[in-house]
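Undergrad: Residue 38 in full-length UniProt numbering is what sits at position 38 of the sequence shown, and the numbering runs on without skipping anything. Glycine is no exception: its CB is placed at the ideal position from the N, C-alpha and C atoms. Bear in mind the structure is a predicted one, so any value in this text is a computation, not a measurement.
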Amino acid sequence: MNPLFQLSTRKYDNEIGIVRKAMAELEKKCNVKDGYKIGEPFSKAGWTFFNVQISTEMESVIETSGMLEGALGYRIGEQLKNFLGHFLESYGSNVRIAKIDY
1 MNPLFQLSTR KYDNEIGIVR KAMAELEKKC NVKDGYKIGE PFSKAGWTFF NVQISTEMES
61 VIETSGMLEG ALGYRIGEQL KNFLGHFLES YGSNVRIAKI DY
């Protein structure tokens, strides 16, 4: 099963470009093609939500390459969520990761 993250923001038009750029860079670092998919956005209560799904191959590279080192969490899914949150933040994103299916 591919990890699925739900991201939320109040400024979707600004954030989507940042998220795409960051995910493209992560894809390059992992040397993976088609490593992620960004789902269609939907709005609720002033927030816009959208899903980011990471491929199994990209997730495997992140886990085995040491990228998760320093990411907090007891389980791999929690570490992956925290890693991705910090990675997006390092590119200037202010999205929140609200949910993960792992």
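What is the DSSP secondary structure of N94, reduced to helix, strand or coil?
TA: Within the sequence shown, numbered from 1, the residue matching residue 94 stands at position 94. Reduced to three states, the DSSP call for N94 is coil.
Undergrad: Have a look at the DSSP bridge pairing and note the partners of V61.
TA: Sequence index remark: in the sequence shown, residue 61 carries index 61 (1-based). In DSSP, V61 forms no bridge with anything.
Undergrad: Would you report the Cα separation of S93 and N82, rounded to the nearest angstrom?
TA: Taking the sequence shown and counting its residues from 1, the one referred to as residue 93 is at position 93. Taking the sequence shown and counting its residues from 1, the one referred to as residue 82 is at position 82. If I take the Cα positions, the gap works out to 14 Å.
Undergrad: Take K37 and list the residues in its own chain whose beta-carbon comes closer than 7 Å to its own, dropping the five residues that flank it on each side.
TA: Residue mapping note: residue 37 aligns to position 37 of the sequence shown, counting from 1. Excluding sequence neighbours, K37 sits near Q53.
Undergrad: Starting from D101, follow its DSSP beta bridges and name the residues at the other end.
TA: Locating residue 101 in the sequence shown gives position 101, counting from the first residue. For D101, which the question treats as bridged, DSSP gives the partners L4.
Undergrad: For K21, write down the residues that DSSP places opposite it in a beta bridge.
TA: Here residue 21 is taken as the residue at index 21 of the sequence shown, counted from 1. Beta-bridge pairing links K21 to no other residue.
Undergrad: Determine the burial state of F42: buried for a count of at least 16 other Cβ atoms within 10 Å of its Cβ, exposed for fewer.
TA: Stepping through the sequence shown from its first residue, residue 42 is reached at position 42. F42 is exposed by the Cβ-count criterion.
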